[in-house]
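Engineer: As they're listed, the protein sequences go chains A, B and C.
Numbering-wise, this note's numbering puts 182 at position 182 of the first sequence, and it's gapless, one number per residue.
Numbering-wise, this note's numbering puts 668 at position 668 of the second sequence, and it's gapless, one number per residue.
Numbering-wise, this note's numbering puts 57 at position 57 of the third sequence, and it's gapless, one number per residue.
The C-beta atom is built at its ideal place from N, Cα and C for all residues, glycine as well.
Before we start, here is the structure in question, set down as structure tokens.
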Amino acid sequence: MARMKFLCDADRCIECNGCVTACKNVNEVPWGVNRRRVVTLNDGLPGEKSISVACMHCTDAPCAAVCPVDCFYTTDDGIVLHDKDLCIGCGYCFYACPFGAPQFPKTEAFGVRGKMDKCTFCAGGPDGDGSEEEFTKYGANRISEGKLPACAEMCATKALLAGDADMVADIYRERVMRRGGRPQTWGWSQAYGEG
Amino acid sequence: MKLIRKQTDNSSNKAARGSAFDRRTFLKRSGVTAGAAAVAGSVPLGMMRRVEAQTASGSRNRNVEVKRTVCSHCSVGCGSIAHVENGVWVGQEPDFESPLNMGAHCAKGAALRYHGMSEKRVRYPMKLVDGQWKRLSWQQAVDEIGDQFLKIREESGPDSVWWCGSSKANNEGSYLQRKFAAFWGTNNMDHQARICHSTTVAGVANTWGYGAMTNSYNDMHKCKSMLFVGSNAAEAHPVAMHHILRGKENGAKMIVVDPRLTRTAAHADQYLRLRPGSDVAFIWGLLWHIFENGWEDTQYINQRVYGMDKIREEVANWDPATCTEVTGVPEEEMRQAAQTLAENRPGTIVWCMGGTQHHIGNNNTRAYCVLQLALGNVGKSGGGANIFRGHDNVQGATDVGPNCQTLPGYYGLSDGAWKHWARVWDVDYDWLKNRFDNEGEYDSGDGTLARPMNIPGIAVSRWIDGILEDPENLSQRDNIRAVFFQGHAVNSQTRGPEMKKAVEKLDLVVISDPYPTHLAVMSERKNGVYLLPTCTQFEQSGSVTASNRSIQWREKVIDPMYESKPDAAILHLFAGKFGFADKMFKHISVDDSGLPSPEDTLREINQGTWTIGYTGQSPERLKLHAENRHTFDTTTLVAKGGPCDGETYGLPWPCWGTPEMKHPGTHILYDTSKPVSQGGLTFRARFGTEHEGNNILAEGSYGKNSDLEDGYPEFSYAMLRRLGWHTELTPYELDVIAWVAGQLPEKPAGSASQSYVAQFRDRESEVLDAVNWKTDLSGGIQRVAIAHECSPFGNAKARAIVWTFPDQVPLHREPLYTARYELVSKYPTFEDRKSVWRVPNRYASIQETDYSGDYPLIFTSGRLVEYEGGGEETRSMKWLAELQQEMFVEINPADANDRGIQDNQWVWLEGPEGGHIKIRAMITDRVGRGVVWTPYHFGGWFQGEDLLDRYPEGSAPYIRGEACNTATTYGYDPVTQMQETKSTLCQIKAA
Amino acid sequence: MKRTIPRILILTVIALALAGCYESASVTRHEPGVYKGEQDPLVNKLANDDGLREQLDQRFDGQRDR
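Next comes the structure, spelled out in structure tokens:
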């Protein structure tokens, strides 16, 4: 069975934020909600590294484990999705997530939290695939159209890869072999274990 | 799968939670208020428009048209696929088939669709009346503006209106901008290439022939070494980094030289921190090691380079200690870098604004070229000078567009050049001449007198001086009294307070732009400002030239938004108002909406631009390339099979001869390993055949299969006759040559009989002999030269010295405002010049004062990935604006502590000419001690004041901030009027 | 006539009250550890539609360096 994964090659990531605006473009997430972000370590210092981070669609997703209303579900290929009609916006998932992926848009005055929003691997949500309701609540459903997440598809240097784990790993393995040196795939083992 | 080594949980957790401090968190934190304001109105317009589109079509995803466009935010030329439903741009998809970007985008490219939903646009023509913006019809606007321009023309002559074109116009729009100025009767027309790579174009063209990128982004896959000087590709040309990192993965050694440890430097094998403004010293320091160790390519130099001996003499002065003293780069680092370049050939050099924007910019660019010539790197795949241009069509606009010193195709402004273009335009030369101010003669710059038609106009960097300077000191009749800006951001130019004064002095300001721009709000004007809503490139079709000289065809994505019109349509309206539309658009059809045909316009460009081989790229060929772009190799850019088999993607110029000749385009300039007919070239014989008695043609070096096996001068009819090749010209070609020579009254219609033209065939006539590869409108001379595998422009040596420039050998000269004043006596600037392109240039009179006491910090500027140029457009795009919410200055912790400045605190940055800006401090080691850096994309503030109230309602960009150039200072290159923005001084104090 | 209107009102109120007591069999009830939300058609599609699978694999080629 195929397994969908993200991989960010830190040797290629240049912190151009293409993934971030690609996400905003296809999902039309509002100002202030960032399903994907680029994080830079050692900013401005020798050894500076950047990594693009979003929901990694973890194998044993900690968010799902802590959700008090069990609004998460997982496709057979490991895409972690959730139902906003069930979500109560409690924020437990935010604390559980090692990647800081869950977002809580401000929908009312006084900063009351809205329903949780996060990267869907461009696979929408439970409402009918490609429906207007689905787009409004979850953004694009590219997977159902045979397309992969826009962030990876538009990555400036092809640092961010998204797709079948074996194919992703093949590309990355080839790069590491050509470069020599240590793999730079921050977050991969944390999200997917050693397997 | 056990591929990935587990990393420490500690560091990764920290990063994920955003507790690690970086520029993003800094900006997110500081921008809370701006964000909150934007959230208030956050129902996305795109959402509404999407619903509209679907309502109109009944349900989802029928009727989707697929359009192919090219990103308009830098010169890489990234293709992008647009999905359009009922006229609404509903989706953006990656263009995986483009060999230039293979689907990839940076933040700007991945946000392109926002252009189709921007609510901040100028929606209809407006004028400022007593401080209020008043709506006008297009007809009213054209009549009012036109009448005032005509009145100024009557009173002060045609040179009193200054026109600004754009690198963001497509080839057709920018070409028409230049043609329009010619028909109006002035050379006072320029565009942002002036302040981008003008010193490159002049320096490089004067070294080996053409002033353009010699290779391509894609060719960097083949580099063995890469030297970046003053180029931050990761932020300025992000998709280029795809090619660069592939090159690096293939084993190339990457060296980055910059005052800042940039995001590009983060990927380098070696990073050298350079003192701003010491580029020549740095390059000579590298060459010192190269010559010292005999690492230069002696055979290459002997065959293909002239003047290297004089370079050696200067380089001898730059021993390691001296070089380190001036540049600040440690001696051992210099040696190591030189060795890397010597041992890893072919290697390329990349430079950008960090190298060009200096008052000795032309010296810098020539020094870079000389380094590459010494290493024998030019004309080789994996080598070359990969000069990354800025805007999407800055290469094309430089080639065929609005430049104050030349007609399209670098023909210059001589009578011969004007006559050439008069023939192409099919207008009477005398009529054209009479459009100009012929009343007086003025200082042309070298002390001789000339008429304004033959004197370069006032450059984009100097228009404010055209307004403020005493007319006695100008090489034209009167001051500039009105300006017309079509697609340019004035906040990208230096000396803000003086600009404000200049704008306030004008009779009239006209801004033709999708957005209001900083110019509309920066002054205290209450009247006499017009805004004309103008289309982006997504609302029109046309061709665009990427940095590598590849030309791509853009399809129109959506109809013009609101009441906006494309550049060409606006120019057509004004040409009508001024009474020369019939002449100007004689061979260009204009459709019912008033839009001149981009196809016809490109064909006219094809018919005139022989100098640079912009002649073979017909609209039909370009469209064929677009359709078959998947057939092109992503490294060589050559099509494998299919209808474009063997051609190079986008027919990079020179694409010699007529389109029918099917030249494949030239991927790598000056590559003698290929025949000219297959994209090979020699160095151009542009500077005669000898200098001080020395032969300057190539020796023993020539293109593959060339019938001339040595150097040769440029091709003319005389040369063909001498070689006996003139008999190969067709009757039609000979007929056209005779017409160009003035031997026939009418332009030949298209065919001629052998017997009719026989009279010219062997005639020894000076006028006939003088027709050459640049002026022969039939393309016959080029065709015959290439049939013999010769370069039409000759085969010469590149020249390491340029005897027509102020510094024959590139010299280091200290910046006008230098922090190292003790070096001025040894490396002084130029003497003041009375007239450079119509205005005086000051040098020594500024440098004679030492400002380094009160203004001890070196002030330099650069790019952020989210924004482009002056930023009016990109700061108005929500998806981008959210990511960079405030103007800031990077300051070293030591300098901040010396001034008691905290991170994120408001500070005043003041330049030595008094301009001051209120911005946030960002404390970082990215800049070295004594150097501060700001981005240059901000505008809409002026010296502490947010100018929000001055924008037409609802049109202010989401993000506004101080323009860094409010605080930058005087300083201009003597060859090109390039402005000095990369090395001045400032002081910073807490606000 | 006087009494007719209140009677109708009472009947309406009773009808509404009864309707309010009706319990739908499909209402989501929480069961710890079990997702009881709407079924996403994509889950089935991904599991069973080989065409879509193949399409996604081909699409991935766009992310290669080419």
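Do residue 171 of chain A and residue 63 of chain C have their C-beta atoms within less than 9 Å of each other?
Structural biologist: yes
Engineer: For residue 701 of chain B and residue 646 of chain B, what's the separation of their Cα atoms in angstroms?
Structural biologist: 25 Å
Engineer: What is the DSSP secondary structure of residue 279 of chain B, reduced to helix, strand or coil?
Structural biologist: The three-state secondary structure of residue 279 of chain B, taken from DSSP, is helix.
Engineer: What does a CB cutoff of less than 6 Å around residue 540 of chain B pick up in its chain, not counting 5 residues either side in sequence?
Structural biologist: 556, 566
Engineer: On the DSSP bridge list, what partners appear for residue 8 of chain A?
Structural biologist: A/160
Engineer: Once the 5 residues before and after residue 473 of chain B are set aside, which same chain residues still bring their CB inside 6 Å of it?
Structural biologist: 840
Engineer: Do residue 683 of chain B and residue 698 of chain B have their beta-carbon atoms positioned less than 9 Å apart in this structure?
Structural biologist: Yes, the pair counts as a contact, with Cβ atoms nearer than the cut-off.
Engineer: So the candidates are B/97, B/114, B/103; which of them puts its Cα closest to the Cα of residue 561 of chain B?
Structural biologist: B/114
Engineer: Hey, does residue 190 of chain A have any beta-carbon neighbour from chain C nearer than 9 Å?
Structural biologist: no
Engineer: Let me make sure I understand the geometry here. Which of B/887, B/883, B/854 has the alpha-carbon closest to that of residue 870 of chain B?
Structural biologist: B/887
Engineer: Answer yes if the segment 64-75 of chain B comes into contact with the segment 382-396 of chain B, meaning at least three C-beta pairs across the two stretches below 8 Å, and no otherwise.
Structural biologist: yes
Engineer: Applying a beta-carbon distance threshold of less than 8 Å, which residues of chain C neighbour residue 152 of chain A?
Structural biologist: 63
Engineer: How would you list, in chain order, the residues of chain A whose beta-carbon sits under 7 Å from the beta-carbon of residue 392 of chain B?
Structural biologist: Near residue 392 of chain B there are no residues of chain A at all, since even the closest Cβ is about 16 Å away, more than 7 Å.
Engineer: With DSSP as the reference, identify every bridge partner of residue 961 of chain B, one or two as the case may be.
Structural biologist: B/940
Engineer: Any idea what DSSP makes of residue 85 of chain A, helix, strand or coil?
Structural biologist: coil
Engineer: Ordered along the chain, which non-local residues of its own chain (more than five positions away) have a Cβ less than 8 Å from that of residue 48 of chain C?
Structural biologist: none
Engineer: When the cut-off is 9 Å and only beta carbons count, does residue 82 of chain A lie next to chain C?
Structural biologist: yes
Engineer: Report buried or exposed for residue 990 of chain B, applying the criterion of at least 16 other Cβ atoms within 10 angstroms of its Cβ.
Structural biologist: exposed
Engineer: Please report the distance separating the alpha-carbon of residue 738 of chain B from that of residue 768 of chain B.
Structural biologist: Taking the straight line joining both Cα atoms gives about 6 Å.
Engineer: Against chain C, does residue 634 of chain B count as a neighbour if the rule is that its beta carbon must be under 9 Å from one of theirs?
Structural biologist: yes
Engineer: Tell me whether residue 1029 of chain B is buried or exposed, calling it buried when 16 or more other Cβ atoms sit within 10 Å of its Cβ.
Structural biologist: Absent from the structure is residue 1029 of chain B, since the part of chain B shown begins at 1 and ends at 991.
Engineer: In chain order, what residues of the segment 143-176 of chain A put their CB closer than 7 Å to some CB of chain C?
Structural biologist: 143, 144, 146, 147, 148, 152, 153, 158, 161, 163, 164, 167, 171
Engineer: Compare the Cα-Cα distances from residue 119 of chain B to each of B/985, B/969, B/874, B/349 and report the closest residue.
Structural biologist: B/874
Engineer: Between residue 894 of chain B and residue 907 of chain B, is the Cβ-Cβ spacing less than 9 Å?
Structural biologist: no
Engineer: Using a Cβ-Cβ distance under 9 Å, would residue 6 of chain C count as near chain A?
Structural biologist: no
Engineer: Using a C-beta cutoff of 9 Å, does residue 179 of chain A count as contacting chain C?
Structural biologist: Interface criterion not met: the Cβ of residue 179 of chain A is under 9 Å from no Cβ in chain C.
Engineer: Quick one: is residue 63 of chain B buried, meaning 16 or more other Cβ sit within 10 Å of its Cβ, or exposed?
Structural biologist: exposed
Engineer: Could you tell me whether the Cβ atoms of residue 939 of chain B and residue 952 of chain B are closer together than 9 Å?
Structural biologist: no
Engineer: Kindly list, in the order they appear in chain A, the residues whose Cβ is closer than 9 Å to that of residue 961 of chain B.
Structural biologist: Simply none; closest approach about 18 Å.
Engineer: Please check if any C-beta of chain A sits within less than 9 Å of the C-beta of residue 988 of chain B.
Structural biologist: no
Engineer: If I'm right that residue 797 of chain B touches residue 305 of chain B with Cβ under 8 Å, what's the distance once you round it to whole angstroms?
Structural biologist: Indeed they touch by this definition, with Cβ atoms about 5 Å apart.
Engineer: Strictly by DSSP, which residues pair up with residue 526 of chain B?
Structural biologist: Note: residue 526 of chain B sits in no beta bridge, so no partner.
Engineer: Which residues of chain A have a Cβ atom closer than 7 Å to the Cβ of residue 878 of chain B, listed in chain order?
Structural biologist: 31
Engineer: Helix, strand or coil for residue 151 of chain A? Go by DSSP, reduced to three states.
Structural biologist: helix
Engineer: Put residue 349 of chain B into one of helix, strand or coil per three-state DSSP.
Structural biologist: Three-state DSSP puts residue 349 of chain B in a strand.
Engineer: Say whether chain B places a C-beta atom closer than 9 Å to the C-beta of residue 24 of chain A.
Structural biologist: yes
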